[in-house]
Amino acid sequence: MAEGGKHNLERAWTLWFDDQNQGGRKGANEWGSTLKPVYSFRTVEDFWCLYNNIVQPSQLGGRADIHLFKEGIQPKWEDPEFKNGDEQHGGKWTFVVKSKTMLDEHWLNTVLALIGEQFNDTEEIAGAVVSIRPKQCKLCLWTKLETNEEVQTKIGMQFKETLQLGDNDRVTYQFFADEMNNMRRDVYMT
Numbered sequence: 572m573a574e575g576g577k578h579n580l581e582r583a584w585t586l587w588f589d590d591q592n593q594g595g596r597k598g599a600n601e602w603g604s605t606l607k608p609v610y611s612f613r614t615v616e617d618f619w620c621l622y623n624n625i626v627q628p629s630q631l632g633g634r635a636d637i638h639l640f641k642e643g644i645q646p647k648w649e650d651p652e653f654k655n656g657d658e659q660h661g662g663k664w665t666f667v668v669k670s671k672t673m674l675d676e677h678w679l680n681t682v683l684a685l686i687g688e689q690f691n692d693t694e695e696i697a698g699a700v701v702s703i704r705p706k707q708c709k710l711c712l713w714t715k716l717e718t719n720e721e722v723q724t725k726i727g728m729q730f731k732e733t734l735q736l737g738d739n740d741r742v743t744y745q746f747f748a749d750e751m752n753n754m755r756r757d758v759y760m761t
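Quick note: the sequence shown uses this note's numbering, first residue 572, plus one each step.
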């Protein structure tokens with residue numbers, strides 16, 4: 572137990588916010604210029620204090636991203652956790668949220684699974700992102716390494732279970748190296 576009777580989490584987490592409505596759309600060389608860390612926490616009570624006092628994803632307009640990442644990892648491909656020398660590693664599981672009414676529930680379920688260490692192979696997971704866009708929203712789970720297909724498939728299945736998705740819903744995995752090269756190579760979960 573932490574000081575003051577608080578309950579420690581397994582690790583510390585940082586919430587980041589990226590308000591892409593500021594100054595119009597950014598070019599690739601300016602990406603991340605609006606990305607800011609909001610708050611880091613390491614106890615259950617501090618998480619709920621934060622969560623209960625921020626705007627829910629469905630209430631955000633325009634273009635914005637909310638990131639929850641393990642403390643010390645920035646939600647950028649360039650972070651060393653996603654690199655091995657000059658080689659790009661990592662990727663993300665993505666679910667396209669069709670209805671904003673479910674966005675907040677899906678985000679909360681994902682966040683609770685992360686901070687509660689509910690995923691197997693939790694060391695492979697870096698964090699999660701909810702992306703708010705005018706036409707569709709996405710929920711992504713970022714992983715550090717993509718080389719072990721069995722581990723990635725398990726993480727994807729658990730992500731789908733965490734979101735309580737049906738058989739007809741799918742999540743896709745995209746490699747960061749492919750995204751950087753504008754390629755598309757997805758692994759589909761059905």
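Note that CB positions come from ideal geometry on N, CA and C, so glycine has one too.
Open item on the list: Given a cut-off of 9 angstroms on the beta-carbon distance, is the pair W587 and L685 in contact?
Closed with: Contact flag unset, no.
Open item on the list: Taking the straight line between their C-alpha atoms, what separation do you get for P705 and Q591?
Closed with: 12 angstroms
TODO: Could you have a look at T554 and say whether DSSP puts it in helix, strand or coil?
DONE: As displayed, the chain neither begins before 572 nor continues past 761, which places residue 554 out of reach and without an answer.
Task: Option in T718, L712, E652 with minimal Cα separation from M728 - done: Proximity to M728 across T718, L712, E652 peaks at L712, based on C-alpha coordinates.
TODO: Identify, in the order they occur along the chain, each residue of the same chain with its Cβ nearer than 7 angstroms to the Cβ of L621, setting aside the five sequence neighbours on each side.
DONE: L586, Y610, F612.
TODO: Kindly indicate the opening and closing residues of the alpha helix (DSSP H) around D675.
DONE: For D675, the uninterrupted alpha helix (DSSP H) run begins and ends at 671–686, by DSSP.
Open item on the list: Give me the DSSP bridge partner(s) of A699.
Closed with: In DSSP, A699 forms a bridge with L639, L712.
TODO: Pick helix, strand or coil for V722, following the three-state DSSP scheme.
DONE: helix
Task: Beta-bridge pairing of P608 - partner residues as DSSP gives them - done: W587
Task: Beta-carbon spacing of V722, E688 below 9 angstroms - done: no
TODO: Work out the CA separation of G632 and D692 for me, nearest whole Å.
DONE: Our two residues, D692 and G632, have alpha carbons roughly 34 angstroms apart in a direct line.
TODO: Go ahead and label L679 buried or exposed: buried means 16 or more other beta carbons lie within 10 angstroms of its beta carbon, across all protein chains shown.
DONE: In summary, L679 is exposed, with fewer than 16 beta-carbon neighbours lying within 10 Å of its beta-carbon over all protein chains present.
Task: D550 to V668 span [Cα, whole Å] - done: Coverage of the chain is limited to positions 572 through 761, which leaves residue 550 absent and any answer about it impossible.
Open item on the list: To the nearest angstrom, how far is the alpha carbon of M572 from that of R582?
Closed with: So the two alpha carbons sit approximately 13 angstroms from each other.
- [ ] Just mark Q645 as buried or exposed, buried being the case when its beta carbon has 16 or more other beta carbons within 10 Å.
- [x] buried
Task: Nearest neighbour of N655, chosen from T743, D589, C708, T718 [CA to CA] - done: T718
Task: Local Cβ density within 10 Å of P651, reported as buried at 16 or more and exposed below that - done: Exposed.
Task: For Q729, three-class secondary structure by DSSP - done: helix
Task: For K647: DSSP bridge partner residues - done: Per DSSP, none; premise fails for K647.
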